[in-house]
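Be aware that the sequence shown starts at 1, since it is given in this note's numbering, and climbs by one per residue.
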Amino acid sequence: LPDLGGIQRTLGKRTRHRRALMRMLFDYFETDRLIICLDTANLDLMQDFFSDRSTTRLLELECDFTDEYLVGHAKRVGLAGEQTADETMQRLLPTIRYDVVYESDRIRDADFENHLRLRELASPDENTPPICEFLSVSEDVGRSIAQTPYLFAD
């Protein structure tokens with residue numbers, strides 16, 4: 001994040017002052033449109049954005065997570081360490097996988113207006129319309145983005 005007088009420094013500050021932070025980002029970048037990434041577990045933040053008078057669109061990326069990726073995720077968020085036994089990790093994986101599905105279900109259950117989904121296992125033709133709608137771009141631009149080989153790469 002750019003230097004915004006300290007409001008951007010910690011997660012706590014960004015959370016407490018999220019609307020002010022967003023206004024400052026719009027001003028800093030001199031735009032009326034921004035794309036930001038949100039933690040799918042933070043439904044309250046999504047609800048806050050959707051309750052604002054601005055036009056908010058949500059593009060959910062439905063990824064096909066491999067066990068290897070989920071093991072890495074568990075280590076990155078502190079659920080497991082380098083010394084965690086494979087047996088323990090195998091018991092943990094279904095819980096992590098369920099958590100991802102649960103977060104997606106909660107987002108869908110919130111019934112947000114302008115909630116769109118890209119699916120890793122879908123074809124570029126299937127993913128083109130949500131890209132076009134989310135970004136307000138032409139079909140040619142949307143298709144070009146949907147055909148990006150590394151679109152779902154970490």
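For every residue, glycine included, the Cβ atom is placed at its ideal position computed from N, Cα and C.
Computed from a prediction, not measured in an experiment: that's the story for all the values here.
When you compare each of the options to residue i by their alpha carbons, which one comes out closest?
{"i": "R19", "options": "E103, A41, F50 and E30", "result": "F50"}
{"i": "F112", "options": "E62, T55 and E139", "result": "T55"}
{"i": "S144", "options": "P124, D154 and F134", "result": "P124"}
Is the CB-CB distance between residue i and residue j below 8 Å?
{"i": "V100", "j": "F65", "result": "yes"}
{"i": "P130", "j": "L118", "result": "yes"}
{"i": "N127", "j": "L58", "result": "no"}
{"i": "T40", "j": "E133", "result": "no"}
{"i": "I107", "j": "M46", "result": "yes"}
{"i": "L43", "j": "A110", "result": "yes"}
Suppose the cutoff is 8 Å on Cβ atoms and the five residues either side in sequence are ignored; what does the same chain contact list for residue i look like?
{"i": "D52", "result": "R19"}
{"i": "I96", "result": "L70, H73, A74 and L79"}
{"i": "G81", "result": "K75"}
On the DSSP bridge list, what partners appear for residue i?
{"i": "E62", "result": "R119"}
Between residue i and residue j, which are expected to be in contact by the criterion C-beta below 8 Å, what is the C-beta distance as a whole number of angstroms?
{"i": "E120", "j": "E30", "result": "That belief does not hold up - the Cβ atoms of E120 and E30 are roughly 34 Å apart, past 8 Å."}
{"i": "L93", "j": "D67", "result": "6 Å"}
Output yes if chain B places a C-beta closer than 8 Å to the C-beta of residue i; else output no.
{"i": "S123", "result": "In the structure shown, chain B does not exist; there is a single protein chain."}
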